[in-house]
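First to last, the protein sequences are chains G, D, W and R.
For the first sequence, full-length UniProt numbering gives the first residue as 1, with consecutive numbering after it.
For the second sequence, full-length UniProt numbering gives the first residue as 1, with consecutive numbering after it.
For the third sequence, full-length UniProt numbering gives the first residue as 1, with consecutive numbering after it.
For the fourth sequence, full-length UniProt numbering gives the first residue as 1, with consecutive numbering after it.
In this text, a Cβ means the ideal position worked out from N, Cα and C, and glycines have one as well.
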Amino acid sequence: MAECPECSCIIEIENPEVGDIVECSECGIELEIISLDPLILEIAPEEEEDWGE
Amino acid sequence: MAECPECSCIIEIENPEVGDIVECSECGIELEIISLDPLILEIAPEEEEDWGE
Amino acid sequence: MIVIKIGGSLGTEVQNLAKEIAEISKKEKIIVVHGGSYETTEISKRLGKETKFVTSVSGFRSRYTDLETVQIMEMVMAGKINKELVKLLQKSGANALGLSGADGKVLLAKRKDSIKIIEDGKKKILKDDFTGKVESVNKDLITMLLEKGYLPIICPLAISPEGDIVNTDGDRAAAAIASSLSADLVVMTNVDGFLKEGKLVTELNLLQIDEAYQFADGGMKKKLLAAKEAIEQGSPRVIIARGNLDNPLENALNGKRTVISR
Amino acid sequence: MIVIKIGGSLGTEVQNLAKEIAEISKKEKIIVVHGGSYETTEISKRLGKETKFVTSVSGFRSRYTDLETVQIMEMVMAGKINKELVKLLQKSGANALGLSGADGKVLLAKRKDSIKIIEDGKKKILKDDFTGKVESVNKDLITMLLEKGYLPIICPLAISPEGDIVNTDGDRAAAAIASSLSADLVVMTNVDGFLKEGKLVTELNLLQIDEAYQFADGGMKKKLLAAKEAIEQGSPRVIIARGNLDNPLENALNGKRTVISR
Numbered sequence: 001m002a003e004c005p006e007c008s009c010i011i012e013i014e015n016p017e018v019g020d021i022v023e024c025s026e027c028g029i030e031l032e033i034i035s036l037d038p039l040i041l042e043i044a045p046e047e048e049e050d051w052g053e
Numbered sequence: 001m002a003e004c005p006e007c008s009c010i011i012e013i014e015n016p017e018v019g020d021i022v023e024c025s026e027c028g029i030e031l032e033i034i035s036l037d038p039l040i041l042e043i044a045p046e047e048e049e050d051w052g053e
Numbered sequence: 001m002i003v004i005k006i007g008g009s010l011g012t013e014v015q016n017l018a019k020e021i022a023e024i025s026k027k028e029k030i031i032v033v034h035g036g037s038y039e040t041t042e043i044s045k046r047l048g049k050e051t052k053f054v055t056s057v058s059g060f061r062s063r064y065t066d067l068e069t070v071q072i073m074e075m076v077m078a079g080k081i082n083k084e085l086v087k088l089l090q091k092s093g094a095n096a097l098g099l100s101g102a103d104g105k106v107l108l109a110k111r112k113d114s115i116k117i118i119e120d121g122k123k124k125i126l127k128d129d130f131t132g133k134v135e136s137v138n139k140d141l142i143t144m145l146l147e148k149g150y151l152p153i154i155c156p157l158a159i160s161p162e163g164d165i166v167n168t169d170g171d172r173a174a175a176a177i178a179s180s181l182s183a184d185l186v187v188m189t190n191v192d193g194f195l196k197e198g199k200l201v202t203e204l205n206l207l208q209i210d211e212a213y214q215f216a217d218g219g220m221k222k223k224l225l226a227a228k229e230a231i232e233q234g235s236p237r238v239i240i241a242r243g244n245l246d247n248p249l250e251n252a253l254n255g256k257r258t259v260i261s262r
Numbered sequence: 001m002i003v004i005k006i007g008g009s010l011g012t013e014v015q016n017l018a019k020e021i022a023e024i025s026k027k028e029k030i031i032v033v034h035g036g037s038y039e040t041t042e043i044s045k046r047l048g049k050e051t052k053f054v055t056s057v058s059g060f061r062s063r064y065t066d067l068e069t070v071q072i073m074e075m076v077m078a079g080k081i082n083k084e085l086v087k088l089l090q091k092s093g094a095n096a097l098g099l100s101g102a103d104g105k106v107l108l109a110k111r112k113d114s115i116k117i118i119e120d121g122k123k124k125i126l127k128d129d130f131t132g133k134v135e136s137v138n139k140d141l142i143t144m145l146l147e148k149g150y151l152p153i154i155c156p157l158a159i160s161p162e163g164d165i166v167n168t169d170g171d172r173a174a175a176a177i178a179s180s181l182s183a184d185l186v187v188m189t190n191v192d193g194f195l196k197e198g199k200l201v202t203e204l205n206l207l208q209i210d211e212a213y214q215f216a217d218g219g220m221k222k223k224l225l226a227a228k229e230a231i232e233q234g235s236p237r238v239i240i241a242r243g244n245l246d247n248p249l250e251n252a253l254n255g256k257r258t259v260i261s262r
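Shown next as structure tokens:
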């Protein structure tokens, strides 16, 4: 369980891993799992995707 | 035993190896051993020496 | 003026192309942009560095480029491939001059220190990745070199404003260079061009590219995207043609190919 | 104008130097020439390629440079070291631009496809060796780049008239570049300068170099020879100074060093 930094609702996440992107079930914003213990979420960067050689 | 290409005298060479430089005992020119069987000599190139990194 | 994008292989096909390029560069200004992904993976293996590929959100396969990987790419792409191409073209009579995008800021790219990827079906954030997209081209430097008779050979390792060397996609880097110079772009590949259900499509315009996209595989998708970016930003024409035949450049300019224009 | 010859190490000492060079290049034109022998041997080992050193007839140690070694040097020197130096200087605010001697024929060298060496006491001919001596410098290209505000970083892999890439000695390549541009040459090393029986000799002229030669070890012998070649061919001054201290360039220009002049 963790709090959405955008709308403060409590979200349940199954087998979370650091770096995962999850969507807030309430406000739908994309969140990044920053740490597991304690479980902390941050708003995921709006990065355009990229690729190289 | 091999013939000096410069002065045609016959030279004796102990345990020759391809690429060795030897001096003709007669005319003193530098010779390069090109092959062993048969033993063939050529006048060694006048190359300046060089080195790199 | 023509920008020619080739892969990273140094086999017979590029030796044919080098002779053609040297010949044509006598009457037409030419810039070569090359890749090197395959050889980078090979040399990484020999150096004991495991290559990790990630998939971008819209499905493009990309090398996870940590700092050690950047240095291996400097060795393989900016070093071996770039200088072997310089050697090949010098031997064919062209005054080739090799540059990476970092040199003189030929390619300035914005580095994203975190990018979104898909891994085992999960959307994830990947950090410490030195990948980026070309944002600007030092066209004054390229033009100056061309005017003095040099043939620039550019490796798509760009530099970020912070001074980091960044891995960029060769096709898109070539597109950025071509459009900055309003030059045609020829992309060499190992098929005849864009194939729609197995049949060569000889002409496409900007509007048709999105539709063509659905019929293309990963590699061709990237080339169609690069073509679109090139034309939108000022390149008059993009040609996709086969590189592994006898006169690849002659064929690309006048033979069997896909021509994309506005 | 100053040509600065540095080794190939990318440790803290070169990071200090990079900041100084970026600073001084605002008011003085600077060209950097670098080596890379140590790192080349390291990467060769990791790639499973055994390095063979040979001794030239007059006693200089030289790497047997077959074709595979040339490609490893392209990777390590023209690739990794050159581009890491470009990155370092770009981060310090200088618009660095890296080139190998093959690019635009910056360094033209005569390749000797057979050289005389001493092996196990025997004089021998060594074939297929891609080593050579710099015969000419493309000073127009270097001058053009300097005038446009670039800082050239040159790797001593030259090109022969036949189009082969050739290993040349970094000190002598720097000497050729400095003399072609009538520039001062600063050679960074890991001692205070030329030491005669342990004591620093602060000044030497051309006549004294031959005598100094007897007191020098292999590495310093090469630097004295390069200094002699530089001054004989037009460089006003050659400075040999220590590179591994805080402000190496400041020290070289005004502190504890050996200054060689006509």
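Residue 126 of chain R touches chain D at which residues, Cβ-Cβ below 9 Å? 19, listed in chain order.
Between residue 176 of chain R and residue 238 of chain R, which are expected to be in contact by the criterion C-beta below 8 Å, what is the C-beta distance as a whole number of angstroms? No, residue 176 of chain R and residue 238 of chain R are not in contact; Cβ-Cβ is about 12 Å, not under 8 Å.
Cβ distance (whole Å) where residue 188 of chain R is taken to contact residue 2 of chain R below 8 Å: Taking the Cβ atoms as the reference, residue 188 of chain R lies roughly 12 Å from residue 2 of chain R, outside the contact range of under 8 Å.
Considering only residues of the same chain and omitting the five flanking positions on each side of residue 19 of chain R, which have a CB-CB separation below 7 Å? Cβ neighbours of residue 19 of chain R within its own chain (closer than 7 Å, five residues either side excluded): 92.
Would you say residue 77 of chain W faces chain G, with C-beta separation under 9 Å as the test? Under the Cβ criterion of 9 Å, residue 77 of chain W is counted among the residues facing chain G.
Beta carbons nearer than 7 Å to chain C: which residues of the region 106-117 of chain W have them? Here the protein chains are G, D, W and R, and chain C is not one of them.
Bridge partners - residue 133 of chain W, DSSP secondary structure assignment: Answer is W:110, bridged to residue 133 of chain W.
The beta strand (DSSP E) enclosing residue 184 of chain R, as first and last residue numbers: Residue 184 of chain R -> beta strand (DSSP E) spans 184-189.
Name the one or two DSSP bridge partners that residue 258 of chain R has. Note: residue 258 of chain R sits in a beta bridge opposite R:240.
Which residues does DSSP pair with residue 2 of chain G in a beta bridge? Looking at the DSSP assignment, residue 2 of chain G forms a beta bridge with G:11.
Residue 158 of chain R beta carbon less than 9 Å from that of residue 108 of chain R: Going by C-beta atoms, residue 108 of chain R is nearer than 9 Å to residue 158 of chain R.
Given residue 59 of chain R as reference, the closest of R:214, R:201, R:114, R:163 once Cα atoms are compared: Residue 59 of chain R has its Cα closest to that of R:214, out of R:214, R:201, R:114, R:163.
Below 9 Å on C-beta distance, what does residue 169 of chain W contact in chain G? Below the 9 Å Cβ cutoff, chain G contributes 50, 51, 52, 53 as neighbours of residue 169 of chain W, in chain order.
Going by other Cβ atoms of all chains shown within 10 Å of its Cβ, with 16 needed for buried, is residue 1 of chain G buried or exposed? Residue 1 of chain G sits exposed, since fewer than 16 C-beta atoms from the chains shown fall within 10 Å of its C-beta.
In terms of residue numbering, what span does the beta strand (DSSP E) encompassing residue 205 of chain R cover? For residue 205 of chain R, the uninterrupted beta strand (DSSP E) segment begins and ends at 203-205.
Nearest-angstrom Cα distance between residue 245 of chain W and residue 87 of chain W? Rounded to the nearest angstrom, the gap between the Cα atoms of residue 245 of chain W and residue 87 of chain W is 21 Å.
Here's the rule I'm using: 16 or more other beta-carbon atoms within 10 Å means buried, otherwise exposed. How should residue 172 of chain W be labelled? Classification for residue 172 of chain W: buried.
Can you find the residues in the same chain that come closer than 6 Å, C-beta to C-beta, to residue 36 of chain R, ignoring five residues on each side of it along the sequence? Setting aside the 5 residues that flank it on each side, residue 36 of chain R is surrounded in the same chain by 8, 76, 77, 81, each with a C-beta closer than 6 Å to its C-beta; the list follows chain order.
Along chain R, which residues have their Cβ under 8 Å away from the Cβ of residue 5 of chain D? The premise fails here: residue 5 of chain D is roughly 15 Å from chain R at the closest Cβ pair, so nothing lies under 8 Å.
Should residue 46 of chain W be flagged as near chain R, meaning a C-beta pair shorter than 9 Å? So, interface residue.
C-alpha gap between residue 263 of chain W and residue 28 of chain G, whole angstroms: Here chain W comprises residues numbered 1 to 262, so residue 263 of chain W is not present and cannot be evaluated.
Chain G contacts from the region 136-161 of chain W (Cβ-Cβ distance under 8 Å): Of all residues in the region 136-161 of chain W, only 156 come within less than 8 Å of chain G when Cβ atoms are compared, listed by chain position.
Could you check whether the Cβ of residue 228 of chain R sits closer than 8 Å to any heavy atom belonging to the ligand GTP? As presented, the structure is devoid of all ligands, the ligand GTP included, so that no description of it is given.
Coarse secondary structure for residue 138 of chain R, derived from DSSP in three states: In the structure shown, residue 138 of chain R adopts coil according to DSSP, grouped into three states.
Can you confirm whether the region 9-29 of chain R touches the region 191-201 of chain R when touching is taken to mean that 3 or more C-beta pairs between the two stretches lie within less than 8 Å? Taking 8 Å as the limit for Cβ pairs, the verdict is that the region 9-29 of chain R does not touch the region 191-201 of chain R.
Top-ranked residue by Cα proximity to residue 10 of chain W, from W:31, W:56, W:40, W:27: W:40 is the residue among W:31, W:56, W:40, W:27 whose C-alpha sits nearest the C-alpha of residue 10 of chain W.
Could you check which residue in W:95, W:160, W:161 has the C-alpha nearest to that of residue 153 of chain W? Checked all of W:95, W:160, W:161; the closest Cα to residue 153 of chain W is W:95.
So what's residue 45 of chain R in DSSP terms, helix, strand or just coil? In this structure, residue 45 of chain R counts as helix in the three-state DSSP scheme.
Quick check for students: name the residue ranges of the beta strand (DSSP E) that lie wholly in the region 148-200 of chain W, counting only runs of 3 or more. Segments of the beta strand (DSSP E) lying fully in the region 148-200 of chain W: 151-155, 157-159, 165-167, 184-189.
Could you list which residues in chain R have their beta carbon closer than 7 Å to that of residue 103 of chain W, in chain order? Simply 86, 97, 98.
Beta-bridge pairing of residue 32 of chain G - partner residues as DSSP gives them: Beta bridge pairing from DSSP links residue 32 of chain G with G:21, G:42.
Measuring only between beta-carbons, confirm whether residue 164 of chain R sits less than 9 Å from chain W. Under the Cβ criterion of 9 Å, residue 164 of chain R is counted among the residues facing chain W.
Given 8 Å as the limit, is there contact between the region 116-134 of chain R and the region 247-254 of chain W, that is, 3 or more CB pairs closer than that? Counting C-beta pairs with one atom in each stretch, the region 116-134 of chain R and the region 247-254 of chain W have fewer than three that are closer than 8 Å, which means they do not touch.
In chain order, what residues of the same chain have a beta carbon less than 7 Å from the beta carbon of residue 224 of chain W, not counting five sequence neighbours either side? Cβ contact annotation for residue 224 of chain W (same chain, cutoff 7 Å, sequence separation greater than five): 194, 209, 212, 213, 216, in chain order.
Is there a Cβ of chain R sitting closer than 9 Å to that of residue 44 of chain D, yes or no? Chain R contact via Cβ: present.
Using a 10 Å radius around the Cβ and a threshold of 16 neighbouring Cβ atoms, would you call residue 8 of chain D buried or exposed? That one is exposed.
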